[in-house]
Amino acid sequence: MPELPEVETVRVGLVHLLGANAVIARVQLTRADLRLPIPPRLPARLRGQPIRAVRRRAKYLLFETPAATLLCHLGMTGTWRLAPPGDERAHDHCYLHLGDGRRLAFRDPRRFGLLDLIEPGAEARHPALAGLGPEPLDHDAFSAAYLAARCAGRRTAIKPLIMDQGVVVGVGNIYAAEALHRAGIRPSRRVGTLSRPRLAGLVEAIRVVLAEAILAGGSTISDFRQAGGASGYFQSAFRVYDRAGQPCLACGTTLRGRVLGGRSTVWCPRCQS
DNA sequence: CGGGTTACCTGACGGC
DNA sequence: TGCCGTCAGGTAACCC
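Position one of the first sequence corresponds to residue 17 (our numbering), numbered consecutively onward.
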């Protein structure tokens with residue numbers, strides 16, 4: 017489901033739900049594995065721990081406690097919600113019982129998500145986090161010069177490149193398509209053929225589209241919900257995603273679609289080169 | 001090495 | 001109505 021804007025929206029929602037003094041009274045797992053095994057020691061390690069912060073790195077959520085950090089990836093279908101008594105649903109895999117009696121539920125029907133434990137100080141070494149590229153909204157780390165360096169000597173297409181979490185984090189299939197349209201770059205364009213100014217334009221387009229989507233509360237397609245249950249509304253701002261065969265909103269040309277790198281891809285043959 | 005393909009899982013949707 | 005094929009926002013292990 018979620019790319020950076022959706023994960024950030026969930027994070028902010030969780031921060032608001034949890035407030036300042038939230039405590040994990042008890043962790044209840046209803047299965048032992050998602051995409052990977054959930055560490056059996058996880059409930060015991062987090063029991064009684066105060067949540068000092070909920071942070072985001074790439075598409076990961078990090079619930080920070082003094083004893084350990086709970087790492088969560090939403091995969092395609094992961095959601096967190098407040099689950100009042102009686103609100104147990106199929107595919108609820110984990111409940112965080114809070115000190116004030118409330119309960120947070122992690123639900124993930126496809127189980128592509130991840131729940132793991134990070135020991136204090138070990139965050140940079142965690143396999144899921146160690147190889148990640150810079151945050152796209154970090155202007156210093158994610159620059160045209162940086163992207164040009166990552167493109168150098170490579171012959172891959174630009175769309176899979178910007179979706180590579182080792183190059184830049186947080187960009188998935190939707191926002192890759194949207195950013196490339198805004199930058200006027202064809203998704204199949206070989207990275208080595210893009211000039212520095214065009215890469216600069218792409219860096220800017222990625223930042224702008226992600227920032228706009230965060231402001232809109234993310235995109236709600238299928239069942240994505242903010243942690244509080246509200247819908248995002250950036251999906252109404254999609255210019256190309258899921259619009260193959262429809263007119264380009266900029267020039268009216270029929271948008272084209274094809275599979276690129278195994279992912280559905282849409283672009284305007286006139287605006288994007 | 002890099003890039004394309006496949007697998008992981010369930011649910012929703014369209015066609016017949 | 002219901003069955004079947006296809007597709008889905010992500011990631012990682014494969015194979016050439």
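By construction, the Cβ of each residue, glycine as well, lies at the ideal position given by its N, Cα and C atoms. Here the structure is a predicted model, which means the values were calculated and not measured.
The residue among Ala192, Ala161, Tyr162 with its C-alpha nearest the C-alpha of Ala173 is Ala192.
Taken atom to atom, the span from the alpha-carbon of Leu196 to that of Thr25 is near 23 Å. The DSSP-derived three-state label of Ala260 is coil.
The count of Cβ pairs closer than 8 Å, one atom from the stretch 84-95 and one from the stretch 124-136, reaches three, so the stretches are in contact. As summarised for the stretch 27-61, the continuous beta strand (DSSP E) elements at least 3 residues long and confined to that stretch are 39-45, given in chain order.
The beta carbon of Met179 sits closer than 8 Å to the beta carbons of Val187, Gly188, Asn189, Ala192, Gly277, Arg279 from its chain, once the five residues preceding and following it are set aside; these are given in chain order.
Contact check for Tyr257 against Val282 passes: the beta carbons are separated by less than 8 Å.
Between Arg73 and Leu148, the C-beta spacing is below 8 Å. For the pair Gly248 and Thr236, the Cα-to-Cα distance works out to about 5 Å.
Nearest C-alpha to Leu133 among Ala121, Val39, Ala83: Ala83. DSSP assignment within the stretch 74-138 yields the following whole beta strand (DSSP E) runs of 3 residues or more, N-terminal first: 76-80, 85-89, 95-98, 108-114, 119-123, 130-134. Taking C-beta atoms as the reference points, Arg171 and Gly208 count as a pair closer than 8 Å.
If you look at Gly217, you'll find it isn't in any beta strand (DSSP E); it sits in the alpha helix (DSSP H) that goes 212-231. For Arg279, the enclosing beta strand (DSSP E) starts and ends at 279-283.
If you keep only unbroken alpha helix (DSSP H) runs of at least 4 residues inside the stretch 158-211, you get 160-167, 174-179, 189-199. Ranking Ala266, Gly261, Ala221 by CA distance to the CA of Arg272 puts Gly261 first. In this structure, Leu177 places its C-beta atom within 8 Å of the C-beta atom of Val183.
Scanning Arg119, Ala36, Pro125 for the CA closest to the CA of Arg51 turns up Pro125.
Distances from the alpha-carbon of Ala253 to those of Ala229, Ala157, Thr269 put Ala229 closest.
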